[in-house]
Each structure stands twice: as C-alpha cells, then as structure tokens.
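A.B. asks: Before we start, here is the structure in question, set down as structure tokens.
Number of protein chains: 2
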Amino acid sequence: MGLTKSTISLLSQELIEEGWLVEVEAEPQPLQARGTGRPPTPLMLDEHRLAFIGVDLGLASATVVATNLVGKILAEHSGPVDIASPAQTCERVAMMVHALLEDPELRRRGVVGLGLGVPGAVDERTGMLRFAPNLGWKGVPLRDLLRDALAGGPAAQLPLYVQNDADVAALGEFEFGEPPVSEPLVFLGLGTGVGAGIVVNDRLLTGAGGFAGEIGHTVLDAQGPRCSCGRRGCAEAFVGLAALVQAVLGQDSAPVTRDPAMLLRSLPASVFATGQAVHDEAIGAALERAGHYIGLLLQNLWAAFDPALIVLGGPTCELGESLLGPARERLAHYAEAAGLQPPLVRQARFGRLAHAVGAAAAVIHYQVRPLSDATQQASSMIAADAG
Amino acid sequence: MGLTKSTISLLSQELIEEGWLVEVEAEPQPLQARGTGRPPTPLMLDEHRLAFIGVDLGLASATVVATNLVGKILAEHSGPVDIASPAQTCERVAMMVHALLEDPELRRRGVVGLGLGVPGAVDERTGMLRFAPNLGWKGVPLRDLLRDALAGGPAAQLPLYVQNDADVAALGEFEFGEPPVSEPLVFLGLGTGVGAGIVVNDRLLTGAGGFAGEIGHTVLDAQGPRCSCGRRGCAEAFVGLAALVQAVLGQDSAPVTRDPAMLLRSLPASVFATGQAVHDEAIGAALERAGHYIGLLLQNLWAAFDPALIVLGGPTCELGESLLGPARERLAHYAEAAGLQPPLVRQARFGRLAHAVGAAAAVIHYQVRPLSDATQQASSMIAADAG
Chain A
1 MGLTKSTISL
11 LSQELIEEGW
21 LVEVEAEPQP
31 LQARGTGRPP
41 TPLMLDEHRL
51 AFIGVDLGLA
61 SATVVATNLV
71 GKILAEHSGP
81 VDIASPAQTC
91 ERVAMMVHAL
101 LEDPELRRRG
111 VVGLGLGVPG
121 AVDERTGMLR
131 FAPNLGWKGV
141 PLRDLLRDAL
151 AGGPAAQLPL
161 YVQNDADVAA
171 LGEFEFGEPP
181 VSEPLVFLGL
191 GTGVGAGIVV
201 NDRLLTGAGG
211 FAGEIGHTVL
221 DAQGPRCSCG
231 RRGCAEAFVG
241 LAALVQAVLG
251 QDSAPVTRDP
261 AMLLRSLPAS
271 VFATGQAVHD
281 EAIGAALERA
291 GHYIGLLLQN
301 LWAAFDPALI
311 VLGGPTCELG
321 ESLLGPARER
331 LAHYAEAAGL
341 QPPLVRQARF
351 GRLAHAVGAA
361 AAVIHYQVRP
371 LSDATQQASS
381 MIAADAG
Chain B
1 MGLTKSTISL
11 LSQELIEEGW
21 LVEVEAEPQP
31 LQARGTGRPP
41 TPLMLDEHRL
51 AFIGVDLGLA
61 SATVVATNLV
71 GKILAEHSGP
81 VDIASPAQTC
91 ERVAMMVHAL
101 LEDPELRRRG
111 VVGLGLGVPG
121 AVDERTGMLR
131 FAPNLGWKGV
141 PLRDLLRDAL
151 AGGPAAQLPL
161 YVQNDADVAA
171 LGEFEFGEPP
181 VSEPLVFLGL
191 GTGVGAGIVV
201 NDRLLTGAGG
211 FAGEIGHTVL
221 DAQGPRCSCG
231 RRGCAEAFVG
241 LAALVQAVLG
251 QDSAPVTRDP
261 AMLLRSLPAS
271 VFATGQAVHD
281 EAIGAALERA
291 GHYIGLLLQN
301 LWAAFDPALI
311 VLGGPTCELG
321 ESLLGPARER
331 LAHYAEAAGL
341 QPPLVRQARF
351 GRLAHAVGAA
361 AAVIHYQVRP
371 LSDATQQASS
381 MIAADAG
C-alpha cells in the first residue's frame with residue numbers, strides 16, 4: 001500500500017482503541033519461518049465491543065436488529081407500522097430502536113450507528129427518500145424525520161444512514177460475507193416491490209438520483225399491466241408479489257393488500273410445498289410462469305451488470321423451489337443458448353432478516369468508506385502517480 | 001488532496017516532461033488578488049506534443065484515427081476488413097495503423113498507445129475477446145494477435161488496450177467531454193449490435209467477464225425472434241439495425257448482410273428525411289414502432305443505472321428524428337407516468353467516429369487510471385483512515 005510500518009502501527013492503534021480491531025496471540029511458528037526482530041502481533045476484527053443497529057422499514061411492519069462487526073445478530077425486534085404518515089412511522093421506529101437498546105448485551109457495547117433500509121430510491125448524501133411507489137411516499141426527508149423522532153432518547157446522537165432496502169441487503173452480503181466477496185455482487189429483492197442492490201468496486205452503485213438497480217421498473221411489455229410506479233408493463237407488474245398472488249388465485253381475486261406477509265398468507269398451503277408436491281396443476285403452472293419471468297429478470301441483470309454473484313432475497317423467496325427452480329432453469333436455458341457460463345445464484349445469507357441486517361452492515365460500510373469527494377480525488381491522484 | 005506543495009511540484013514536472021501538461025503564462029492579476037510569494041504558474045493539458053491511436057473494428061470495415069490529448073482528430077483512415085479470420089483481420093488493421101503513422105503531424109508527436117474497440121465482450125486485463133456474436137468470434141486473444149501483427153513496424157512497442165466498442169465510446173464522451181462530466185454516463189450504441197458503455201465513479205463498469213452493459217441482450221419477450229447471441233427475444237432482435245431494416249422493408253425481405261453501411265443503403269431515401277417528410281405510412285409506422293422500442297430501452301437503462309446522461313451513437317442514429325423522436329417521446333412518457341425527471345439524452349459528440357475516437361480516449365483512460373489491485377487497496381485504506 002506504500003505506507004510505512006509506523007503509519008500502519010498508528011492506524012491500527014486507533015482502530016484498536018475505537019473497538020474495531022483486537023490484538024490476538026501469535027500462533028507459535030517453526031523456527032525457520034520466523035524473520036528477525038520482534039514477531040508481528042496478529043490483528044483481528046473485534047466481535048465483542050461494537051454494535052450496529054439496522055432497521056428494515058416494510059409496508060406494514062418494521063424489523064430492528066443489532067449486529068456485531070461480523071454480522072452476528074445480537075438482538076432483534078419486529079412490529080407493525082402504519083405508513084399513513086412518514087413522521088408517525090419514524091416515531092414508531094424510534095420507539096422500537098430505543099426498546100432494543102435496553103438489551104443488556106447492547107448496553108455493554110459501543111453502538112456505532114443506525115442504518116435504515118426503505119423500499120424506495122434514496123439520496124444517500126441527504127437521507128431524502130425520493131420515490132417509494134409501494135409506500136406511496138415521494139420527497140420525504142426520512143433521515144431528518146428519524147433524527148427528530150430519536151431526539152431525547154439513547155440513540156439521539158447516533159450517525160444515521162438511510163438507503164434503499166435492496167442496496168443495504170447487498171451491503172449485508174458484501175460486508176458480512178467471507179472475503180474476498182465476488183464482484184459485481186447483485187442482491188435481487190423479491191417482494192411486493194422488486195429491486196436490486198449492486199456492489200461494484202467495493203461501493204454501492206446508486207446512480208445519479210438513487211434509482212440505480214430499480215430492475216422492477218424495467219419495462220418488459222409496453223402494453224402490460226399498470227405498475228405501482230405509474231408506468232405500464234414493468235417487471236414488478238409481472239413478478240411482484242401482488243401480481244404473483246393474483247396469478248395463483250386467478251384474475252378475479254385481485255389482492256386488496258400490498259403487505260407481503262398478508263399476501264403470502266392468502267395463498268393455499270400447497271404452494272409452499274416443493275415443486276413435486278404442488279398438486280393443483282393451475283397453481284403449479286402459474287408458479288412456473290412467474291418463475292420463468294424471474295429467470296428472465298436474472299438474465300437481464302446478467303446482461304446489464306455482469307455480476308459474479310446474484311443473491312436472491314425478499315418474502316417471495318418463501319415460495320421456495322416451485323418458483324425459484326423454474327427461475328434458475330430459465331437462466332440456465334439462456335446461458336446455454338448463448339454458450340456462456342451464467343453467474344452464480346444463491347439465496348440470501350440472512351433470510352427474512354436480509355434487509356435489517358443489511359441496514360446494520362450499511363453503518364459499517366459508510367463508516368469505513370465515507371461518502372467524500374476528497375477520497376475520490378485522492379484515489380485518482382494515486383492512480384495518476386502510479387502511471 | 002493532502003499532498004504537499006513539493007510533491008505536487010514533482011508530479012507536475014514529470015507530467016510536463018512526458019508531454020501531458022504545459023506551463024502557460026499567468027494572467028496578470030489585480031494587486032489585491034495576489035498572495036505573498038512567487039505567483040503560481042498555471043498548468044494546462046498540452047494539446048501539441050502527444051497523440052493517441054484509436055481503432056474501431058466493425059463488421060465489414062475498420063476506422064483508424066489519431067487524436068491529441070483533448071480529442072482533436074489529427075488523422076483518420078477507414079477501409080474494408082474481412083472478419084473471416086481474426087489473425088488476418090489484425091494484420092489488415094496493423095497495415096492501416098502503420099499507414100496512419102506516416103502522417104507528418106503524427107511523426108512530430110509522441111504516440112502514447114493504441115486502443116482497439118470491438119463489438120463484443122472483452123477481458124480488459126488480458127485483451128481476450130470473450131464473445132462477439134455479430135463477428136462470430138469467441139475466445140479470441142485479440143491483443144496478442146494485434147501485437148503479433150504490429151511486430152516489426154513503428155507501432156510494435158506501443159501499449160495496446162482492447163475494449164468493447166460501446167465502452168470505449170463512453171470513455172470518449174467522458175475523457176474528451178467538458179469537465180465535470182455528468183455521472184453515471186451511459187453510451188448506447190445502436191447498430192447491428194446494441195450495447196451500452198457505462199462510466200461510474202470515473203471508471204468503466206465492465207462486470208465480472210466484460211459483459212456489463214450488454215443491454216442489447218436483455219430479453220424483452222421470451223417468445224420473441226432468435227437473436228445473434230443464440231437467445232430468443234433479446235432487445236437486439238427488435239431494435240438491432242438488421243431487425244429494423246427488415247421491419248421497414250417488410251417481413252419477406254430478410255437482410256442478407258450484417259454490415260451496417262450496406263443495411264443503411266438498402267433503405268429507401270425517404271427514411272432519412274425528417275419525421276414529417278416520411279411519405280410512406282407503413283415505413284413511418286415501422287420507424288415509430290422501432291423508436292418506441294428504443295425508448296423502452298432508454299427507460300430500462302434509466303431503471304438499471306440511473307444515469308445523469310445517456311449518449312446515443314452508432315450507425316442507426318443516421319435515421320435521425322423519425323426514429324429518435326419517438327424514442328425520446330416514449331422515454332418522456334414513462335417519466336411522466338412515474339412523475340419523475342428523465343435523464344438527459346443527446347447524440348454522440350463524435351458522430352460516426354464515436355468508437356474510433358473513444359478507442360483513442362481509452363489509451364488516455366488506462367494510462368491515467370491503470371488497472372491495478374494495488375490502487376484499489378490504497379484507496380480503501382485512505383477511506384478507512386479518513387473514517
């Protein structure tokens with residue numbers, strides 16, 4: 001890295017003092033492997049001193065978790081939220097956060113910050129939610145509202161990070177994955193909304209206005225059904241959970257809710273069985289069709305971002321192999337037609353907690369890789385120097 | 001940037017010696033604006049000492065250009081190529097390059113390197129062409145073949161950079177644009193092939209295998225026509241130039257060539273007139289339909305990458321407003337439906353030379369921002385330090 005030994009020492013000392021790193025006992029080594037001088041002291045990530053709060057704000061409920069530095073869940077709490085008023089939603093979330101912080105394990109630790117994942121496009125610099133069709137919110141200063149709601153409580157002074165829920169889920173896979181994590185990494189969130197988070201060159205791809213990865217609003221059929229965003233024929237109007245439930249239940253039973261938990265509960269139990277056990281042929285066919293659409297989305301994510309890894313998450317994944325089997329099959333079919341190796345596809349490491357744990361990972365991400373133009377310029381200069 | 005004055009001085013001196021920068025006369029300033037001490041000497045990019053070679057390898061012809069450091073074209077040469085054998089194609093390209101280097105203006109200058117843009121996915125580290133459906137090439141060690149073909153001539157020792165043609169065109173807009181260039185920047189190349197180059201955080205988004213931005217191979221209709229890549233219903237099978245010509249001429253006249261120049265020549269002259277002057281209703285409708293598909297692609301690029309700017313280029317753009325008007329209209333329609341501001345869309349700065357000039361810009365790009373894992377790590381460390 002071109003840094004001197006003493007600079008490294010100083011930097012490590014700071015990180016040890018702050019609770020990020022810990023010195024561990026050196027493994028005894030055979031004599032011939034030792035260099036001259038004092039043997040170096042191994043450093044590891046400290047799993048025991050810091051905590052990170054992550055909030056997943058959904059359409060009808062919120063989940064709050066605390067994790068340690070390597071993604072171990074220390075505490076977890078879920079509850080219903082009403083999304084009619086953003087300010088009241090934030091007050092409810094703040095209560096949940098303050099309740100979580102009562103946990104004795106968290107009181108022992110230094111809490112570094114709070115990440116909030118939301119189903120919409122966010123300006124990560126200002127914490128402004130630009131557009132969340134499924135929440136029905138537009139231009140909401142979410143970070144400021146949450147800051148106000150947290151005032152006076154134990155979390156009042158915490159750094160707050162607001163980001164899209166698929167984006168933070170991608171950060172969860174990236175920051176808490178076994179290094180080296182394959183890149184580009186795409187997290188495809190399948191629920192009422194359909195969106196992707198993309199990590200490339202160690203950073204989120206957020207785009208000019210926080211809309212990057214909104215793969216659910218790529219148009220597949222200009223004459224298709226109306227989407228939550230106002231456009232016609234978006235991918236979400238075909239593979240979003242509401243569309244999927246309607247396809248399974250039949251066209252006459254349009255779902256009246258957008259809450260993913262209620263949508264899943266409206267499905268017959270046989271749907272959640274494995275592919276072979278789906279007895280109703282019409283239901284099996286509907287799931288297979290939807291799975292093929294998801295496979296088509298995977299193909300399109302591949303063509304757009306050429307990821308090394310696609311992680312599938314979100315409530316729709318609870319439908320299991322009768323849906324995801326056909327999706328993988330369709331992707332394999334496209335790869336075979338082109339004579340190419342498809343990207344690796346696997347399910348989210350943190351299951352239904354992917355968004356909340358990801359929001360905690362976002363705290364680590366932005367603390368370690370702050371949003372700063374100066375950093376950007378410095379790295380360009382190093383490149384110029386090296387050339 | 002955290003660099004000392006003397007470091008900056010040393011770095012500038014090196015760049016002046018190499019021909020990248022030149023010292024210019026300081027503008028006389030009013031007394032009160034002067035600081036104490038020696039007034040600083042302004043530095044500018046030197047337009048007069050260096051040259052960069054760019055090659056655009058097409059399906060039936062190649063174009064070679066030389067530019068200066070700010071994208072001024074110093075010399076240009078085009079000629080037919082036969083793509084039956086990659087090695088022979090490279091020999092032909094090498095002859096064209098050597099002929100160009102005879103130009104007296106270039107003999108006066110220091111030639112820094114050669115960039116080659118090709119219609120396919122490339123591993124930029126090895127210069128291996130992975131897959132180019134329209135050339136019919138797969139797994140071709142293009143940089144090595146070109147190195148062999150250049151051996152013994154005046155370009156034998158030049159650094160060579162091989163990259164996808166839409167990618168280099170994006171670099172042309174980025175490196176030769178008025179700074180600050182808006183990001184993410186997407187170049188959408190419309191020709192026999194359809195592909196996008198994406199610049200984000202000052203770098204190309206290439207993906208795990210060089211396939212990122214292959215928006216022409218996003219599938220729009222699983223039951224659609226067969227594409228050059230082997231899949232069905234790709235965007236290219238709807239808006240690629242061959243599909244477009246067939247739509248205009250009618251289904252019975254499948255084009256026998258993939259050469260974009262010949263495809264364009266097979267169209268009636270009225271097609272190239274402005275929208276109002278297209279007399280044949282069927283032709284006007286076919287162009288409008290194709291334009292709407294391109295608008296749908298623009299919408300999908302927007303949703304995937306959230307660019308600040310989309311640049312349209314490639315031979316299909318010669319059809320002008322009767323095609324691009326409906327495309328922009330459709331994008332505006334999608335934006336209005338969602339109540340959002342669409343990204344800026346404009347045509348390529350270098351017109352039909354976009355790929356060749358972009359290939360020259362790629363030389364500058366990779367010289368100034370070399371591909372290096374060390375650079376990556378150093379920049380992460382700075383970020384960690386700043387945190």
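These protein sequence lines map, in sequence, to chains A and B.
The numbering used here numbers the first residue of the first sequence as 1 and each following residue consecutively.
The numbering used here numbers the first residue of the second sequence as 1 and each following residue consecutively.
Glycine residues also receive a C-beta, built at the ideal position from the N, C-alpha and C atoms.
For A:H98 and chain B, any beta-carbon pair shorter than 8 Å?
C.D. replies: For A:H98, the answer is no, since every Cβ of chain B falls outside 8 Å of its Cβ.
A.B. asks: To be precise: take each residue of the segment 181 to 214 of chain A, compare its Cβ to all Cβ atoms of chain B, and keep it if any distance is under 8 Å. Which residues remain?
C.D. replies: Within the segment 181 to 214 of chain A, the residues whose Cβ lies closer than 8 Å to some Cβ of chain B are S182, E183, P184, V200, N201, D202, R203, L205, T206, G207, A208, G209, G210, F211, A212, G213, E214, listed in chain order.
A.B. asks: With a cut-off of 8 Å on the beta carbons, I'd call A:A398 and A:N164 a contact; round off their distance for me.
C.D. replies: The structure shown does not extend to residue 398 of chain A, since chain A is modelled only from 1 to 387, so the question has no answer here.
A.B. asks: Cβ closer than 7 Å: which chain A residues qualify as neighbours of B:C229?
C.D. replies: A338, listed in chain order.
A.B. asks: Using DSSP with H/G/I as helix, E/B as strand and the rest coil, what is B:S78?
C.D. replies: Correct three-state label for B:S78: strand.
A.B. asks: Check the DSSP bridge columns for A:W137 and list the partner residues they point to.
C.D. replies: DSSP, once it has assigned bridges, lists A:A132 as partnering A:W137.
A.B. asks: Between the segment 158 to 170 of chain B and chain A, which residues of the former have CB atoms less than 7 Å from a CB of the latter, in chain order?
C.D. replies: Correct list: empty, as no residue qualifies.
A.B. asks: From the DSSP output, which residues share a beta bridge with A:E23?
C.D. replies: According to DSSP, A:E23 bridges with A:L43.
A.B. asks: With DSSP run on the structure shown, which of helix, strand or coil describes A:F211?
C.D. replies: Reduced to three states, the DSSP call for A:F211 is coil.
A.B. asks: So what does DSSP say about B:N68, is it helix, strand or coil?
C.D. replies: In the structure shown, B:N68 sits in coil (DSSP, three-state: anything other than H, G, I, E or B).
A.B. asks: Does DSSP put B:L145 in a helix, in a strand, or in coil?
C.D. replies: It is helical.
A.B. asks: Can you check which of these residues, A:G127, A:L319, A:N68, is closest to A:G110 by C-alpha distance?
C.D. replies: Minimum Cα distance to A:G110 is reached at A:N68.
A.B. asks: What are the start and end residues of each continuous beta strand (DSSP E) run of 3 or more residues lying completely inside the segment 146 to 170 of chain B, in chain order?
C.D. replies: If we require 3 residues or more, the beta strand (DSSP E) runs fully inside the segment 146 to 170 of chain B come out as 160 to 164.
A.B. asks: Extract the residue ranges of the alpha helix (DSSP H) inside the segment 190 to 276 of chain B, only unbroken runs of 4 or more that lie entirely within it.
C.D. replies: If we require 4 residues or more, the alpha helix (DSSP H) runs fully inside the segment 190 to 276 of chain B come out as 236 to 239, 241 to 249, 260 to 265.
A.B. asks: Under 8 Å, do B:G358 and B:G172 count as touching if we go by C-beta distance?
C.D. replies: Their beta carbons are under 8 Å apart, which means B:G358 touches B:G172 by this criterion.
A.B. asks: Relative to the C-alpha of B:V271, which residue among B:A26, B:M262, B:L319 is closest?
C.D. replies: Nearest C-alpha to B:V271: B:L319.
A.B. asks: Below 8 Å on C-beta distance, what does A:T218 contact in chain B?
C.D. replies: Residues of chain B passing the Cβ test: T218, Q299, N300, A303, A304.
A.B. asks: Just the Cα atoms here: how many angstroms apart are B:V186 and A:P326?
C.D. replies: Cα-Cα distance, rounded: 32 Å.
A.B. asks: Following the continuous beta strand (DSSP E) through B:F52, name the residue where it begins and the one where it ends.
C.D. replies: Note, B:F52: beta strand (DSSP E), 50 to 57.
A.B. asks: Please compile the residues from chain A whose C-beta is within a distance smaller than 7 Å of the C-beta of B:A222.
C.D. replies: Here the neighbours are H292, L296.
A.B. asks: I'd like the span of the beta strand (DSSP E) that includes B:I83, first residue to last.
C.D. replies: Note, B:I83: premise wrong, no beta strand (DSSP E); not H, not E.
A.B. asks: Scan the segment 276 to 327 of chain B and note each continuous alpha helix (DSSP H) run of 4 residues or more that stays entirely inside, going in chain order.
C.D. replies: Complete alpha helix (DSSP H) runs here, min 4: 281 to 305.
A.B. asks: Cβ closer than 7 Å: which chain B residues qualify as neighbours of A:F131?
C.D. replies: Chain B residues near A:F131: L340.
A.B. asks: Would a C-beta distance cut-off of 8 Å place B:G213 and B:A166 closer than the cut-off?
C.D. replies: Going by C-beta atoms, B:G213 is nearer than 8 Å to B:A166.
A.B. asks: How would you label A:V70, buried or exposed, when you count the other beta carbons within 10 angstroms and need 16 or more for buried?
C.D. replies: Per the 10 Å Cβ criterion, exposed.
A.B. asks: Quick check on B:R226: buried or exposed, where buried means 16 or more other Cβ atoms within 10 Å of its Cβ?
C.D. replies: Burial call: exposed.
A.B. asks: Return no unless some Cβ of chain B is closer than 8 Å to the Cβ of A:P307.
C.D. replies: For A:P307, the answer is yes, since a Cβ of chain B falls inside 8 Å of its Cβ.
A.B. asks: Given a cut-off of 8 Å, decide if B:P42 and B:V24 are closer than it, judged by their beta-carbon atoms.
C.D. replies: Their beta carbons are under 8 Å apart, which means B:V24 touches B:P42 by this criterion.
A.B. asks: Against chain B, with Cβ distances strictly below 8 Å, would A:V343 count as a contact?
C.D. replies: The sequence shown places Pro at residue 343 of chain A, rather than the Val named in the question. Chain B, which has a Cβ nearer than 8 Å to the Cβ of A:P343, makes this yes.
A.B. asks: Just confirm the distance between the C-beta atoms of A:A66 and A:I53, as a whole number of angstroms; I'd bet it's less than 8 Å.
C.D. replies: Contact flag correct, Cβ pair sits at about 5 Å.
A.B. asks: Taking contact to mean 3 or more Cβ pairs, one atom from each stretch, closer than 8 Å, check whether the segment 222 to 237 of chain B and the segment 193 to 207 of chain B are in contact.
C.D. replies: Yes: at least three Cβ pairs fall under 8 Å.
A.B. asks: Determine the DSSP secondary structure at B:L15, reduced to helix, strand or coil.
C.D. replies: In this structure, B:L15 counts as helix in the three-state DSSP scheme.
A.B. asks: Specify, as a first and last residue, the run of the alpha helix (DSSP H) that A:A359 falls within.
C.D. replies: Segment 354 to 368, the alpha helix (DSSP H) holding A:A359.
A.B. asks: Could one say the Cβ of B:G120 lies closer than 8 Å to chain C's Cβ atoms, at least one of them?
C.D. replies: Although the question refers to chain C, the structure presented lacks it and instead comprises the protein chains A and B.
A.B. asks: Tell me which residues share the same chain as B:E175 and place their Cβ nearer than 6 Å to its Cβ, disregarding the 5 neighbours each side in the sequence.
C.D. replies: Result list for B:E175: A361, I364, H365, in chain order.
A.B. asks: Could you compute how far the alpha carbon of B:L146 sits from the alpha carbon of B:L331?
C.D. replies: Near 41 Å, if we compare the C-alpha coordinates of B:L331 and B:L146.
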